[in-house]
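For reference, the structure discussed in these notes is given below.
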């Protein structure tokens, strides 16, 4: 007997959400203050794999702002 654990629409929604989280410019709308707070949280450690990817994206956004505007997280 085979059981379906997740419905097809739910799986599609989950996949879309996960893939959109991989966009390094997903933090573009954050203010400098918000980005700095998120960056500080990343430096505390103990991250899950998803949390580590999120922090990589935050670091990329910090680097972009550093190059474009001289902002340092």
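Numbering (our numbering), first residue to last: 13 to 85.
Don't be surprised by glycine CBs; every beta carbon is placed ideally from N, CA and C.
Considering just the uninterrupted stretch of the alpha helix (DSSP H) at residue i, what are its terminal residues?
{"i": "residue 57", "result": "Looking at the DSSP string, residue 57 is not in any alpha helix (DSSP H), and its letter there is neither H nor E."}
Among residues of its own chain, excluding the 5 on either side of residue i, which ones have a beta-carbon nearer than 7 Å to its beta-carbon?
{"i": "residue 54", "result": "67, 70"}
{"i": "residue 85", "result": "47, 48, 51, 74"}
{"i": "residue 59", "result": "67"}
Give every residue of the same chain whose Cβ lies closer than 8 Å to the Cβ of residue i, excluding the five residues on either side of it in the sequence, and list them in chain order.
{"i": "residue 25", "result": "Since pLDDT at residue 25 reaches only 44, below the 50 mark, its modelled position is unreliable, and no value is offered."}
{"i": "residue 42", "result": "50, 73"}
Please report how far the alpha carbon of residue i lies from the alpha carbon of residue j, in whole angstroms.
{"i": "residue 77", "j": "residue 64", "result": "20 Å"}
{"i": "residue 82", "j": "residue 44", "result": "11 Å"}
{"i": "residue 62", "j": "residue 38", "result": "14 Å"}
{"i": "residue 80", "j": "residue 40", "result": "12 Å"}
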